[in-house]
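Below is one structure; the comments refer to it alone.
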Amino acid sequence: MEKIFRTAYKIRVFETEGIKLYRQGLIRGYFHPYLGQEGIATGACAALSEGDYIASTHRGHGHCIAWGADVKKMVAELLQKETGYCKGYGGSMHIADISVGNLGANGIVGAGTPLGVGAALANQVNGSDAVTVTFSTDGASNNGTFLESLNLAAIWNLNFILLVENNGYAVSTRIEESTRDTDLYKRGLAIGVESHQVDGNDPFAVYEVMKQAVETCRAGKGPVLIEAKTYRHMGHHVNDPGKYMPEDELAYYKQRDPVDRARAALKEMADVSDEDIAAIEAEIAAEFADAVEFSKNSPEVTPESFREFAVGY
1 MEKIFRTAYK IRVFETEGIK LYRQGLIRGY FHPYLGQEGI ATGACAALSE GDYIASTHRG
61 HGHCIAWGAD VKKMVAELLQ KETGYCKGYG GSMHIADISV GNLGANGIVG AGTPLGVGAA
121 LANQVNGSDA VTVTFSTDGA SNNGTFLESL NLAAIWNLNF ILLVENNGYA VSTRIEESTR
181 DTDLYKRGLA IGVESHQVDG NDPFAVYEVM KQAVETCRAG KGPVLIEAKT YRHMGHHVND
241 PGKYMPEDEL AYYKQRDPVD RARAALKEMA DVSDEDIAAI EAEIAAEFAD AVEFSKNSPE
301 VTPESFREFA VGY
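Numbering (UniProt numbering), first residue to last: 1 to 313.
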């Protein structure tokens, strides 16, 4: 329970402080916060094991952190520094670490699904029981790759889990405006895939359903589709004020904040004191401050280094 709280809170700090770095002009390009959705990555990755794989989305910072990414290397990547995970060439939307099975974030909607299925197929061919999880979105569910990839995973019985983070919006388009039946988990049922819907704002519920899905896959009965219902705390990215989001709806989900729920569970169910929780939060805040200092002092990416990286001269 402490691990789940630590992870969820670390994601919250990373995103909240990352927005400040963006406002200071230190982050170029877009920045898509994971605020409000921390429970999904936290619960899902807690159920996986070393040797498994994840594939991410453009809103992928939380997935990386939940998978155990080094915050220093993540902040450095956001600040386009050579010490970042991708030497500063990827930035916010393209953090990856193949060495530990993080197949990377992706700026193309829905692109992570076929990548995840490909990794799952490779593991099957190699005789591995590793599980691959692709984090996807409600906006990607109408992309052709969604059912095409899931269907391939089904006919090949791959150890693949498609986790749909349904926050109700594809940028500013409500899901009701693009899909008649908004229960997206049913799409898996239509092609014979075990499918579940879970409260994405409850990291422990996500953990439990993911744990069961992992067991199903390792037993050779995959794939599994999971729809996690959630809601982001702000617009699509840092420059989107989110005025299209109804205030009462946003307030409803903020009352079910996944970080608050993880903190409350740690306090009430694990009998951890307020002082100990405050110490954990201070430790995480200090870790991020160290990461910012490290990143600011790291060398910038230069046109020359990029050219040599890209074309070899």
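Beta carbons: idealized from backbone N, C-alpha and C, even for Gly.
- In this structure, the CA atom of Y9 is about 7 Å from the CA atom of E281.
- The Cβ atoms of G18 and Y53 lie no closer than 8 Å to each other.
- Taking a cut-off of 8 Å for Cβ pairs, the stretch 107-124 and the stretch 48-68 touch, as three or more such pairs fall below it.
- With a contact defined as Cβ atoms closer than 8 Å, E38 and P303 miss out at about 37 Å.
- Annotation: the continuous alpha helix (DSSP H) that includes F309 extends over 303-311.
- Between L121 and the set L21, L150, W67, A289, the nearest pair of CA atoms involves L150.
- Distance check between V164 and each of V198, Q255, G144, G91 places V198 closest, using alpha-carbon atoms only.
- When secondary structure is reduced to three states using DSSP, D199 falls in the strand class.
- Non-local C-beta neighbours of G36 in its own chain, meaning closer than 6 Å and more than five positions away in sequence, comprise Y231, R232, H233, ordered along the chain.
- Linking D240 to S141 through their CA atoms gives a straight-line distance of about 22 Å.
- According to DSSP, K81 shares a beta bridge with E300.
- Judged by DSSP secondary structure, T134 falls within the beta strand (DSSP E) whose first and last residues are 132-137.
- For K72, the closest alpha carbon among the candidates F306, E300, E293, T16 is that of E293.
- Residue M210 holds the alpha-carbon nearest to the alpha-carbon of I161 among E148, G192, M210.
- In the structure shown, F160 adopts extended strand secondary structure according to DSSP, grouped into three states.
- For K10, there is no enclosing beta strand (DSSP E); the enclosing alpha helix (DSSP H) has its first and last residue at 2-23.
- Bridge partners of D97 according to DSSP: N102.
- The Cβ atoms of Q212 and L158 do not sit closer than 8 Å to each other.
- In this structure, the beta-carbon distance from D202 to G168 does not fall below 8 Å.
- Within the stretch 237-298, complete alpha helix (DSSP H) segments of at least 4 residues are found at 247-254, 258-268, 274-296, given in chain order.
- Excluding residues up to 5 positions away in sequence, A76, K81, E82, T83 lie with their Cβ nearer than 7 Å to the Cβ of S298 in the same chain.
- The DSSP-derived three-state label of V224 is strand.
- Rounded to whole angstroms, R12 and Y34 show a C-alpha spacing of 8 Å.
- Boundaries of the beta strand (DSSP E) around A55: 53-55.
- Between R263 and F5, the CB-CB gap stays under 8 Å.
- Taking a C-beta distance under 8 Å as the contact criterion, S136 and Y244 do not qualify as a contact pair.
- Only residues of its own chain outside the window of five on either side were considered, and among them V13 have a CB closer than 7 Å to the CB of A285, listed in chain order.
- Per DSSP, A111 lies in no alpha helix (DSSP H) segment and is marked neither H nor E.
- Secondary structure note for S149: its alpha helix (DSSP H) is the uninterrupted segment 144-155.
- Taking 8 Å as the upper bound for CB-CB distance, Y89 and F306 are in contact here, some 6 Å apart.
- Assigned with DSSP and collapsed to three states, A47 falls in coil, not helix or strand.
- Each residue's CA atom was taken as its position, placing V206 and G312 some 45 Å apart.
- Taking the Cα of A153 as reference, the smallest distance to any Cα among S178, L115, D183 is reached at L115.
- Distances from the CA of A170 to each of A219, G235, E208, L147 were compared; the closest alpha carbon is that of G235.
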